[in-house]
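Participant: Structure below; questions to follow.
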Amino acid sequence: MAYADLRMFMDDLKKIIHGNHHLLINYNPLILSRRRRFKLLYQELDSIIQTLFSIHEDHHHNPAELEKVRKLKKRFKDATEEAQDSIDLFLSALHFRYGRLSRMSAVYKTSLDLFLSALHLRNRELSPTSDVFKTSPNLKKMLKSMKSIKVELNKINISNMKMDSSSRIDQVKSRQSVAAAGTSYTRNPLRIKKQSEDIVVGLDRDAEIIRDKLFEDTKQLCVVSIVGMGGQGKTTLATKLFNDPFLKYHFHIRAWATVSQTYVKRDLLIQILTSIGVQDDLENDGDSKLREKLHKKLMCRRYLIVIDDIWSIEDWDELKMFFPNDNTSSRILLTSRLNEVALHVKPHGECPEWLIEPGRQIARKCYGLPLSVVVMAGVLAEEPMNKDLWENIACSYIVGDQKGCLESLALSYHHLPDHLRECFLYLGGFAEDFKFKVERLTWLWVAEGFIEEDGNRSLEDTAKGYLMDLINKNLVIVERRNEIGDVKACKLHDLVRELCVQKAKEEEFFLKIDSPTSSSQLLEGITYEQRRIFTSQPVSILDIPHSPTPTTRSLLCFHENLDSSVFIERSFVLLRVLNIDHCPLHDFPQGLALLVHLRYLAIWFFGEFPNSICNLWSLETLILRNNSVRYICLPHNIIDLVNLRHLWSDSLLYFSYIEKPMNLHSISKMKFEYGEGNVQNCFPNIRKLVLDCGIYSLKWSKYLELLPYLENLKLINPKLRYGLAFPVTLKKLSLSCASPWIHMSMIQLLPNLEVLKLHGGFLKKGTGREWDACEQQFPQLKFLKLKWLEIKHWKASSTSFPHLKQLTLHSCEYLEEIPLEIGEIVTLELIEVKDCNNSVVKSVKRIQQEQQDVGNDELKITIDEMDLSLYLSQSAGSESE
Numbered sequence: 001m002a003y004a005d006l007r008m009f010m011d012d013l014k015k016i017i018h019g020n021h022h023l024l025i026n027y028n029p030l031i032l033s034r035r036r037r038f039k040l041l042y043q044e045l046d047s048i049i050q051t052l053f054s055i056h057e058d059h060h061h062n063p064a065e066l067e068k069v070r071k072l073k074k075r076f077k078d079a080t081e082e083a084q085d086s087i088d089l090f091l092s093a094l095h096f097r098y099g100r101l102s103r104m105s106a107v108y109k110t111s112l113d114l115f116l117s118a119l120h121l122r123n124r125e126l127s128p129t130s131d132v133f134k135t136s137p138n139l140k141k142m143l144k145s146m147k148s149i150k151v152e153l154n155k156i157n158i159s160n161m162k163m164d165s166s167s168r169i170d171q172v173k174s175r176q177s178v179a180a181a182g183t184s185y186t187r188n189p190l191r192i193k194k195q196s197e198d199i200v201v202g203l204d205r206d207a208e209i210i211r212d213k214l215f216e217d218t219k220q221l222c223v224v225s226i227v228g229m230g231g232q233g234k235t236t237l238a239t240k241l242f243n244d245p246f247l248k249y250h251f252h253i254r255a256w257a258t259v260s261q262t263y264v265k266r267d268l269l270i271q272i273l274t275s276i277g278v279q280d281d282l283e284n285d286g287d288s289k290l291r292e293k294l295h296k297k298l299m300c301r302r303y304l305i306v307i308d309d310i311w312s313i314e315d316w317d318e319l320k321m322f323f324p325n326d327n328t329s330s331r332i333l334l335t336s337r338l339n340e341v342a343l344h345v346k347p348h349g350e351c352p353e354w355l356i357e358p359g360r361q362i363a364r365k366c367y368g369l370p371l372s373v374v375v376m377a378g379v380l381a382e383e384p385m386n387k388d389l390w391e392n393i394a395c396s397y398i399v400g401d402q403k404g405c406l407e408s409l410a411l412s413y414h415h416l417p418d419h420l421r422e423c424f425l426y427l428g429g430f431a432e433d434f435k436f437k438v439e440r441l442t443w444l445w446v447a448e449g450f451i452e453e454d455g456n457r458s459l460e461d462t463a464k465g466y467l468m469d470l471i472n473k474n475l476v477i478v479e480r481r482n483e484i485g486d487v488k489a490c491k492l493h494d495l496v497r498e499l500c501v502q503k504a505k506e507e508e509f510f511l512k513i514d515s516p517t518s519s520s521q522l523l524e525g526i527t528y529e530q531r532r533i534f535t536s537q538p539v540s541i542l543d544i545p546h547s548p549t550p551t552t553r554s555l556l557c558f559h560e561n562l563d564s565s566v567f568i569e570r571s572f573v574l575l576r577v578l579n580i581d582h583c584p585l586h587d588f589p590q591g592l593a594l595l596v597h598l599r600y601l602a603i604w605f606f607g608e609f610p611n612s613i614c615n616l617w618s619l620e621t622l623i624l625r626n627n628s629v630r631y632i633c634l635p636h637n638i639i640d641l642v643n644l645r646h647l648w649s650d651s652l653l654y655f656s657y658i659e660k661p662m663n664l665h666s667i668s669k670m671k672f673e674y675g676e677g678n679v680q681n682c683f684p685n686i687r688k689l690v691l692d693c694g695i696y697s698l699k700w701s702k703y704l705e706l707l708p709y710l711e712n713l714k715l716i717n718p719k720l721r722y723g724l725a726f727p728v729t730l731k732k733l734s735l736s737c738a739s740p741w742i743h744m745s746m747i748q749l750l751p752n753l754e755v756l757k758l759h760g761g762f763l764k765k766g767t768g769r770e771w772d773a774c775e776q777q778f779p780q781l782k783f784l785k786l787k788w789l790e791i792k793h794w795k796a797s798s799t800s801f802p803h804l805k806q807l808t809l810h811s812c813e814y815l816e817e818i819p820l821e822i823g824e825i826v827t828l829e830l831i832e833v834k835d836c837n838n839s840v841v842k843s844v845k846r847i848q849q850e851q852q853d854v855g856n857d858e859l860k861i862t863i864d865e866m867d868l869s870l871y872l873s874q875s876a877g878s879e880s881e
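Numbering (full-length UniProt numbering), first residue to last: 1 to 881.
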């Protein structure tokens, strides 16, 4: 059981202890009679977790004591999992026995006696054959087990084995307070040095390599980068170098500054000036004055600046202007979690031009896999630098020595922290070449209990951070990015997947069924440790005399045939994750409503969803597939899903009247037509919303700006006549089939908008066919897409879109030209044109020529998915024919 899963179990115990307004828990005598012991169990678990998980396991501690700790953690994990299973079975039994309770609560609101009498009503709709619903938790045994573990823990000498920050909970609180402060976090290098020397060893060789780089005999300013995932020791290694006696002697000036994600230029300038001893009244100086002071202080002196925890290329491009390059052999040492930052900041390096393209081909065939790169480098190092040889290798190279590759890759796996290990192993359950959609993957990880809380960040954002760590480790390949560069889809290299499956099998992490098997063989294969099943084969457990222990927590089925009776059997009653959206069902699975621990449900069902689906009180993600109808009418009691955060469908989701707020964070394709202001009142936490507006849009449109967390909004058919206001939090906006063209001034004012997509009908004939974007800026817009618009004239200046990176025009057949000033935007990287007229092609040709004349060869232009030069040459060839 992972640390995050432990905390989830603790949260479940809290709900049992305090009720949380759940009628089945609040007034049930079977819970009330055990509530004191539930509370004692919670206290014992909390006490053990605070101590056991604050121990830092390092090889310089007493081996015998460490082995005791490891064995005790294993014993605690097994005991906790057993306790969790037993208590969850108890809750499932309560739900079965009193399953109609929530539906009858309205009738018995005023009389507790009548309400309690309702407990004796049984749900006669279901009659599972298993005796699983007759179980009761032995809390006395659980408490005895935990107290025994606590006694053993107290015998271990752990005073010298705890982390200096005491526990990971304290670390979270520390990160929270730093984030709340809203300023860059300045570390004290001397204090870090003391801490790191106490708990970290084994960096001497790494420090020696970097020290040699810093001493290289070159007069130019050089940058050296330390890259790795969070917690790997980048800051510790940088601190060791910063305090190295030889470096102290060699550099006249040394300074340390931390950038982090909360980077503010002014804070960083003050950090560096303070670090090098400038004691002036810096707070009252302007940015230009601070920069001037730093420049004068560093000019003509050999300096070493450590820039710790830099997160973006843009940050570096701004920072590098602060440091003079006057041939004094000065150095900058960066630490970052991102490979792309390190690759961008390296200022020197030469390569023959003829090697660039075959080198890129070879690199692509390596799929970013470090081992493949090393193997390939070994091949090329033994051969002369010959153009033909490189091109031949680029065409034929395939990574060899699979066994050796796997052994080397295993080293990367064993160095993963526990929380990343589970996320990584999970990927091995999916099919070869499976393309993971990041959003769905993070929802699954959260439901599985892999993600730890991290301050004020959402669990989904933390999960995306875990994925980025695996990508930066080169264990996961980026398959696709979105408009602003965020990872949209990813996959595994074949060899990495093989390692993943191998390790998952060794650790009994999941049961994977890729070939036909009998039901008895399937269930015999489920061990206590294998709490997850991935199958591409039909699942059936009918006619089995004895079901195994109900430990299965996840069932992900990628086969079209599914026996719908499986969900009421003993083996699957504790499911948290159920993915059956590849299995078309015409009958709603009997007993599905009993899976009260389900957090993730993806289902393909052709009928009308019954009210019973809303009994799944733990549900966080609900994915409904039904491509046979335009609308899916949601049950009226959808509000009972108090934990539901993500609601997705390939059909329109039709909401009936909602009486109270829901905790939804994202909704796809929603149709909502009841009451002014109800979008705000019913979905106060919404972050991502796709809304089919229809003729009722006037009733809610003015309330959109009141949604405090909305970042991603798509409106379909907004028939707006009296103006529209959006929340300032918006980062992505898509308007489809909207008219008339009168709201652009409102959109331009959005301070955080990064992506804007305008689709067909937004500008119609007779409503004005000109867009003048010169009057106001889009302050943060990075991506602009115009599709199927009847716009004819477009005016813009180079300052209209100061941060624009990509412009896409699709099927704008009436547009006469793209403004030449668009090419002058310094951040612009790509203009993409599809199915537009020749005058637009001519305008982008002029844009490219103008930019090349001023030395800008970086701007890329494509026409119908072809490079502009190739498109023009093909067009010329067609004309000559």
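Built from N, CA and C at the ideal position, the CB exists for glycine as well. Since the model is a prediction, treat every value here as computed from it, not as a measurement.
For the beta strand (DSSP E) that contains K787, what are its first and last residues?
Facilitator: Here the beta strand (DSSP E) through K787 covers F783 to K787.
Participant: Classify S47: buried if its beta carbon has 16 or more other beta carbons within 10 angstroms, exposed otherwise.
Facilitator: S47 comes out exposed.
Participant: Just to confirm my understanding: we take M10, look at its own chain, exclude 5 residues before and 5 after, and list those with CB closer than 8 Å. What are they?
Facilitator: Same-chain partners within the cutoff: Y42, L45, D46 and I49.
Participant: Taking buried to mean at least 16 other C-beta atoms within 10 Å of its own C-beta, is C500 buried or exposed?
Facilitator: Per the 10 Å Cβ criterion, buried.
Participant: Kindly list the residues whose CB is nearer than 6 Å to the CB of G228, restricted to its own chain and excluding five residues on each side of it in sequence; keep chain order.
Facilitator: Excluding sequence neighbours, G228 sits near K234.
Participant: State the start and end residues of the unbroken alpha helix (DSSP H) segment that holds Q777.
Facilitator: Run containing Q777: none; DSSP gives neither H nor E here.
Participant: Using only alpha-carbon positions, find the residue among V264, K464 and L475 that is nearest to Y413.
Facilitator: Residue L475 is the option with its Cα nearest to Y413.
Participant: When the Cα atoms are used, what is the spatial distance from E744 to A773?
Facilitator: At residue 744 the sequence reads Met, which differs from the Glu that was named. C-alpha separation (whole angstroms): 9 Å.
Participant: With a Cβ-Cβ cutoff of 7 Å, do G449 and A504 count as a contact?
Facilitator: No. Outside cutoff.
Participant: Is it buried or exposed, L784, if we count other Cβ atoms within 10 angstroms and call 16 or more buried?
Facilitator: Buried, because 16 or more other Cβ atoms sit within 10 Å of the Cβ of L784.
Participant: Who are the Cβ neighbours of I632 in its own chain at under 8 Å, not counting the five residues just before and after it?
Facilitator: Contacts found: F609, L624, N626, S649, S651, L652, L653 and Y654.
Participant: Can you give the Cα-Cα distance for C423 and E817, rounded to whole angstroms?
Facilitator: Using only the alpha carbons, I get a separation of about 49 Å.
Participant: Less than 7 Å between C-beta atoms, sequence neighbours within five positions excluded: which residues of the same chain meet that for L237?
Facilitator: So the qualifying residues of the chain are L203, D206, A207 and I226.
Participant: Curious, which full-length alpha helix (DSSP H) runs of at least 4 residues does the segment 787 to 855 contain?
Facilitator: Listed in chain order, the complete alpha helix (DSSP H) runs (minimum 4 residues) inside the segment 787 to 855 are 838 to 853.
Participant: Could you check which residue in L713, K464, E453 and V446 has the C-alpha nearest to that of S666?
Facilitator: The shortest C-alpha separation from S666 is found at L713.
Participant: What ranges does the alpha helix (DSSP H) occupy inside the segment 285 to 320, keeping only unbroken runs of at least 4 residues that lie completely in it?
Facilitator: You should have 287 to 298 and 313 to 319.
Participant: What's the call for C300, buried or exposed, on a 16-neighbour Cβ count within 10 Å?
Facilitator: It is exposed - the Cβ of C300 has fewer than 16 other Cβ atoms within 10 Å.
Participant: On a Cα-Cα basis, can you pick out the residue from E82, D88, K688 and S92 that is closest to K141?
Facilitator: Among E82, D88, K688 and S92, the Cα nearest to that of K141 is on E82.
Participant: Within its chain, find whatever has a CB closer than 8 Å to the CB of K297; leave out the 5 residues flanking it on each side and keep chain order.
Facilitator: So the qualifying residues of the chain are I253, L273, I276 and V278.
Participant: Just to confirm, is the Cβ distance from A796 to P819 under 7 Å?
Facilitator: Yes.
Participant: Could you please give the first and the last residue of the uninterrupted alpha helix (DSSP H) stretch that includes T235?
Facilitator: K234 to F242 is the span of the alpha helix (DSSP H), which, as asked, contains T235.
Participant: Along the alpha helix (DSSP H) that carries I270, what are the first and last residues, could you check?
Facilitator: Counting along the chain, the alpha helix (DSSP H) containing I270 begins and ends at K265 to S275.
Participant: Would you report the Cα separation of V679 and L704, rounded to the nearest angstrom?
Facilitator: So the alpha carbons of these two residues sit roughly 7 Å apart.
Participant: Pull up the distance between the alpha-carbon of M662 and that of L710, whole angstroms please.
Facilitator: Taking the straight line from one Cα to the other gives about 15 Å.
Participant: Roughly how many angstroms separate the alpha carbons of V303 and D514, rounded to a whole number?
Facilitator: Inspection of the sequence shows that residue 303 is occupied by Tyr rather than by Val. In a straight line, the C-alpha of Y303 is about 60 Å away from that of D514.
Participant: Which stretch, first to last residue, makes up the beta strand (DSSP E) that contains M670?
Facilitator: M670 -> beta strand (DSSP E) spans S666 to K671.
Participant: Report the partner residues of residue 883 according to the DSSP bridge assignment.
Facilitator: For residue 883 there is no data in the structure shown, the boundaries of the chain being 1 and 881.
Participant: Is E453 helix, strand or coil by DSSP?
Facilitator: E453: coil per DSSP, three-state reduction.
Participant: Within the continuous beta strand (DSSP E) that includes C633, where are the two ends?
Facilitator: Counting along the chain, the beta strand (DSSP E) containing C633 begins and ends at Y631 to C633.
Participant: Pick helix, strand or coil for P584, following the three-state DSSP scheme.
Facilitator: In this structure, P584 counts as strand in the three-state DSSP scheme.
Participant: Count the other CB atoms, across all protein chains shown, that sit within 10 Å of the CB of S148; report buried if there are 16 or more and exposed otherwise.
Facilitator: Result: exposed.
Participant: Can you give the beta carbon distance from I658 to I686, rounded, assuming they're within the 8 Å contact cut?
Facilitator: About 12 Å separates the two Cβ atoms, so there is no contact after all.
Participant: At the 7 Å Cβ level, is L247 part of the contact set with chain D, yes or no?
Facilitator: In the structure shown, chain D cannot be found, because there is only a single protein chain.
Participant: Measuring only the C-alpha atoms, how far is I471 from I451?
Facilitator: Straight-line Cα distance between these residues: approximately 17 Å.
Participant: Does the pairing of the segment 319 to 335 with the segment 461 to 471 give three or more beta-carbon distances under 8 Å?
Facilitator: As far as the Cβ criterion goes, the segment 319 to 335 does not touch the segment 461 to 471, which means the pair count is below three.
Participant: Spatial neighbours of M866 within its chain, please: C-beta separation below 8 Å, excluding the five flanking residues on both sides.
Facilitator: Result list for M866: Q874, in chain order.
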